[in-house]
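Take a look at the structure set out below.
In this note's numbering, the protein residues as written are 561 to 761.
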């Protein structure tokens, strides 16, 4: 969609051969979505601790956020499951730094909505970004920042605890797949639905 916008095509214009082949390939792979399986019940019986983990990421293509729920029961068993995710197509004229901040706002709102809509008392909430610049802005006094950054940091600071925000290495960011193009078939192994890292174990 972003590429079509960049090319300023009208609704009845023909696609370039490369774009047309990409679209047809995507439609073909889209059928594999039906084979994805995720747990509908995300908790464990006799839960002692339930935590909400959130990740945000951005690329030139999109901003993304993913929410995981980690549960520990009285037998020491741990269960970590993807609960929800969201993405936004990136504007054509902006910087990666700003997009990373926009992704953090997306995660903020997604986490807030999750907390208020679920009848669960979360023991803790941890929110991760792989952008050290976005993290520095979030932990800064918003009044000293420029308008674009200040407005978004204010949203983040008003809806979340600043101390909940942490840095995650890019290779361990579970929102990475949300912000980048990937064939649906690749989510079957190593994708967002089944990826797991020590950071949330």
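Backbone N, C-alpha and C define an ideal beta-carbon position, used for all residues, glycine too.
Just checking my contact of residue i with residue j at CB under 8 angstroms: how many whole Å lie between their CB atoms?
i, j, result
"residue 666", "residue 616", "6 angstroms"
"residue 656", "residue 629", "Residue 656 to residue 629, Cβ: 29 angstroms. No contact."
"residue 512", "residue 633", "The question about residue 512 has no answer here: the residues shown for the chain are numbered 561 through 761."
"residue 598", "residue 644", "11 angstroms between Cβ atoms; not a contact."
"residue 722", "residue 699", "6 angstroms"
"residue 708", "residue 658", "7 angstroms"
"residue 647", "residue 738", "5 angstroms"
"residue 680", "residue 760", "Rounded, the Cβ-Cβ distance is 17 angstroms, inconsistent with contact."
"residue 717", "residue 703", "The pair is not a contact, with the Cβ atoms about 11 angstroms apart (cut-off 8 angstroms)."
If you follow the beta strand (DSSP E) that residue i is part of, which residue opens it and which one closes it?
i, result
"residue 615", "607-618"
"residue 638", "638-649"
"residue 622", "622-633"
"residue 695", "Looking at the DSSP string, residue 695 is not in any beta strand (DSSP E); the run it does join, the alpha helix (DSSP H), is 692-698."
"residue 684", "684-689"
Run the CB neighbour count on residue i, radius 10 Å, all protein chains shown included, and call it buried at 16 or more, exposed below.
i, result
"residue 636", "exposed"
"residue 578", "exposed"
"residue 567", "exposed"
"residue 697", "buried"
"residue 752", "With a pLDDT of 47 at residue 752, under the threshold of 50, the predicted position of this residue should be treated as unreliable, and no value is reported."
"residue 754", "Confidence at residue 754 is low in this model, with a pLDDT of 48, below 50, so its placement is unreliable and no value can be given for it."
"residue 691", "buried"
"residue 585", "exposed"
"residue 618", "buried"
"residue 593", "exposed"
"residue 750", "Any answer about residue 750 is weak, because its pLDDT of 48 lies below 50 and its placement is not dependable; what the coordinates show is given next. Exposed is the call here."
"residue 735", "buried"
"residue 733", "buried"
"residue 756", "In this prediction, residue 756 has a pLDDT of 48, which is less than 50 and means its spatial position is unreliable; nothing more can be read from the coordinates."
"residue 676", "exposed"
"residue 712", "buried"
"residue 583", "exposed"
Is the beta carbon of residue i sitting closer than 8 angstroms to the one on residue j?
i, j, result
"residue 620", "residue 664", "no"
"residue 695", "residue 727", "yes"
"residue 682", "residue 660", "no"
"residue 612", "residue 672", "no"
The alpha helix (DSSP H) with residue i in it runs from where to where?
i, result
"residue 667", "656-677"
"residue 571", "Per DSSP, residue 571 belongs to no alpha helix (DSSP H) and is neither H nor E."
"residue 604", "Looking at the DSSP string, residue 604 is not in any alpha helix (DSSP H), and its letter there is neither H nor E."
"residue 737", "736-739"
"residue 704", "Here residue 704 belongs to no alpha helix (DSSP H), and DSSP marks it neither H nor E."
Measuring only from the beta carbon, is residue i closer than 7 angstroms to any heavy atom that is part of the ligand GTP?
i, result
"residue 718", "This structure lacks the ligand GTP; in fact it carries no ligand of any kind."
Of all Cβ atoms in chain C, is any one closer than 8 angstroms to the Cβ of residue i?
i, result
"residue 713", "The structure shown contains no chain C, having only a single protein chain."
Problem set entry | contact_flag[the stretch 623-640, the stretch 655-675] where n(CB pairs < 8 angstroms) is 3 or more | yes
For this session: Decide if the stretch 686-706 is in contact with the stretch 637-647; the criterion is three or more beta carbon pairs, one per stretch, under 8 angstroms apart.
Result: The way I'd put it, the stretch 686-706 doesn't touch the stretch 637-647; fewer than three beta-carbon pairs between them come closer than 8 angstroms.
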